[in-house]
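Throughout, my numbering is defined as the position within the sequence shown, counted from one, plus 17. Worksheet: one structure, shown below.
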Amino acid sequence: MSRRDFLNIAAVGGGAIIAVSMPTASSAARKKFSQQQAHYQPIPKSGQRCQTCALWQAPTSCQQVDGQISPAGWCILYAPKS
Ligand code: SF4
18 MSRRDFLNIA AVGGGAIIAV SMPTASSAAR KKFSQQQAHY QPIPKSGQRC QTCALWQAPT
78 SCQQVDGQIS PAGWCILYAP KS
């Protein structure tokens, strides 16, 4: 292997590492759980509701669960505001 071949392989390999480690907006969005994964339901459970959860983002979002989230909803990730 010539020095030029080695440098070409190193350059391509380095590019691949950078491409793999750079998060994209779409991959960040995918980090949320689906409503099905979180066992989301649009009604409260045992007095717990999204509006009192630390992960709630008014008016209809959640930091951890994807899609439209009702303030009266609930899921297994519920974390009460402290
Ligand atoms: S209960 Fe679940 S869906 Fe509702 S705000 Fe909390 S984490 Fe999000």
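Even glycine gets a Cβ: it sits at the ideal position worked out from N, Cα and C.
- Residue pairing for GLN58: DSSP places it in a beta bridge opposite TRP91.
- In the structure shown, the three-state DSSP call for GLN52 is coil.
- Taking every residue with its beta carbon within less than 6 Å of a heavy atom belonging to the ligand SF4 gives, in chain order, ALA55, TYR57, CYS67, CYS70, LEU72, TRP73, CYS79, GLN81, VAL82, ILE86, GLY90, TRP91, CYS92, LEU94 and TYR95.
- In terms of Cβ geometry, TRP91 and LYS62 form a close pair [threshold 7 Å].
- Close CB contacts of CYS67 within its chain, under the 6 Å cut and outside five residues either way in sequence, are with TRP73, ILE86, PRO88 and GLY90 (chain order).
- DSSP, read as helix, strand or coil, puts GLN68 in helix.
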